[in-house]
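These notes are about the structure you will find just below.
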Amino acid sequence: MKKIALLVAFLLSAMAVSGQQYLALSFDDGPNTTTTMQALDVMEKYGVPGSFFVNGCNIDGETIPVMLRAKSLGCDIENHSQNHKHMLDLTSAEIREEIEQTSKLIEDAVGVAPRFFRPPYLEHDSRMHNITDLCFIYGFDLSDWNKEVTTEQRISAILSGVCDGDIILLHDFKDNDQTIETLKVIIPELQRRGFTFVTVAELFAVHGGMPEPHNGQIYSNAY
Ligand SMILES: [Zn+2]
Numbered sequence: 000m001k002k003i004a005l006l007v008a009f010l011l012s013a014m015a016v017s018g019q020q021y022l023a024l025s026f027d028d029g030p031n032t033t034t035t036m037q038a039l040d041v042m043e044k045y046g047v048p049g050s051f052f053v054n055g056c057n058i059d060g061e062t063i064p065v066m067l068r069a070k071s072l073g074c075d076i077e078n079h080s081q082n083h084k085h086m087l088d089l090t091s092a093e094i095r096e097e098i099e100q101t102s103k104l105i106e107d108a109v110g111v112a113p114r115f116f117r118p119p120y121l122e123h124d125s126r127m128h129n130i131t132d133l134c135f136i137y138g139f140d141l142s143d144w145n146k147e148v149t150t151e152q153r154i155s156a157i158l159s160g161v162c163d164g165d166i167i168l169l170h171d172f173k174d175n176d177q178t179i180e181t182l183k184v185i186i187p188e189l190q191r192r193g194f195t196f197v198t199v200a201e202l203f204a205v206h207g208g209m210p211e212p213h214n215g216q217i218y219s220n221a222y
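Written out as C-alpha cells, the structure is:
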C-alpha cells in the first residue's frame with residue numbers, strides 16, 4: 000500500500016513538472032525612455048518577453064529605439080490607441096483613426112503590425128469591435144495605475160491571483176516605480192513556481208490559437 004502511495008506521489012509530481020504553465024506580462028501607456036526602459040532591464044535580466052500596448056502619441060525619435068529594444072528581447076508591440084481618449088464619445092471615423100494611426104506608427108517603427116488592442120479605460124462596444132480586426136484585450140487587473148496601490152499590494156495581488164493563461168495588466172507610464180519594483184519580485188517568484196512568460200500572441204498560440212476578429216469579446220486570459 001505504501002509503495003502505491005509513493006508511486007502516485009511520484010506520478011503527480013512528474014505531471015506537475017511536465018505540465019507547462021504560461022503567463023503574459025502586458026504594459027499600457029508607453030513607450031517612454033525611463034519606466035519602459037526599466038521594465039525592459041528587469042525583463043532582460045530574467046529572460047522574459049511581454050507585450051507593450053503603446054499610445055501612438057508617445058511614438059517619436061526617442062522612443063522608437065525603446066520599442067526596437069523591446070522587440071529585440073522578444074516582446075511584441077500592440078495598440079492602445081493614438082491619444083488615449085474615451086473612445087465611446089468618438090465618431091466611428093475618429094475611432095478608426097485612433098486605432099489605424101497607431102497601428103501604422105507601430106508597423107513603421109518595428110516592422111510588425113499589432114494584432115491586439117487594449118481600449119483606453121477598457122471602454123468598448125460592438126461598434127468599436129466592428130471597426131477593427133484587432134483582438135480586444137483586458138487582463139488580470141491590479142490597478143497599478145493608482146499610486147495608492149502599494150508595491151506590496153501589487154505583488155500580493157499577482158502572486159495570490161494569477162493562474163495559467165492569464166494576461167497580467169500593468170502600466171509603464173513615466174514614474175510608475177512601484178510596478179518596476181513589483182516586476183523584480185514577481186518574475187523570479189513565478190518562474191520558481193514553474194510559470195513560463197510569453198507574449199500575449201504566444202499565450203493564445205499555446206491555448207488553441209487566435210480568436211476570430213469582430214467577435215465582441217475582450218480577453219483577460221487565453222484559456
Ligand atoms: Zn491606458
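Numbering of the sequence shown is given in numbering that gives the first Met the number 0, commencing with residue 0 and proceeding in unit increments. Note that CB positions come from ideal geometry on N, CA and C, so glycine has one too.
At the C-beta level, residue 82 and residue 99 stay beyond 8 Å of one another. According to DSSP, residue 134 shares a beta bridge with 115. The beta-bridge partner set that DSSP reports for residue 170 consists of 27. Going by C-alpha positions, residue 141 is about 32 Å away from residue 92. Rounded to the nearest whole angstrom, the C-alpha separation of residue 218 and residue 117 is 10 Å.
Residue 161: not part of any alpha helix (DSSP H); DSSP gives it neither H nor E. Under the three-state reduction of DSSP output, residue 35 falls in the helix class. Uninterrupted alpha helix (DSSP H) stretches at least 4 residues long and entirely within the stretch 39 to 126 occur at 63 to 71 and 91 to 109, given in chain order.
Within the model, the alpha-carbon separation for residue 220 versus residue 144 is close to 20 Å.
In this structure, the straight-line span from the alpha carbon of residue 119 to that of residue 197 is close to 23 Å. Its chain contains 181, 184 and 185 as the residues whose beta carbon lies nearer than 7 Å to that of residue 154, once the 5 sequence neighbours on both sides are disregarded; these appear in chain order. Residue burial is scored here from C-beta neighbours: residue 46 has fewer than 16 other C-beta atoms within 10 angstroms and is therefore classed as exposed. For residue 197, the enclosing beta strand (DSSP E) begins and ends at 194 to 197. With a contact defined as Cβ atoms closer than 8 Å, residue 76 and residue 70 qualify at about 7 Å. Judged by DSSP secondary structure, residue 148 falls outside any alpha helix (DSSP H); it is assigned neither H nor E. About 6 Å separates the CB atoms of residue 86 and residue 127; that is less than 8 Å, so the two are in contact. Closer than 7 Å to some heavy atom of ligand 1: that does not describe the Cβ of residue 85. Taking the Cβ atoms as the reference, residue 29 lies roughly 7 Å from residue 172, within the contact range of under 8 Å. Under the three-state reduction of DSSP, residue 143 is assigned to coil, being neither helix nor strand.
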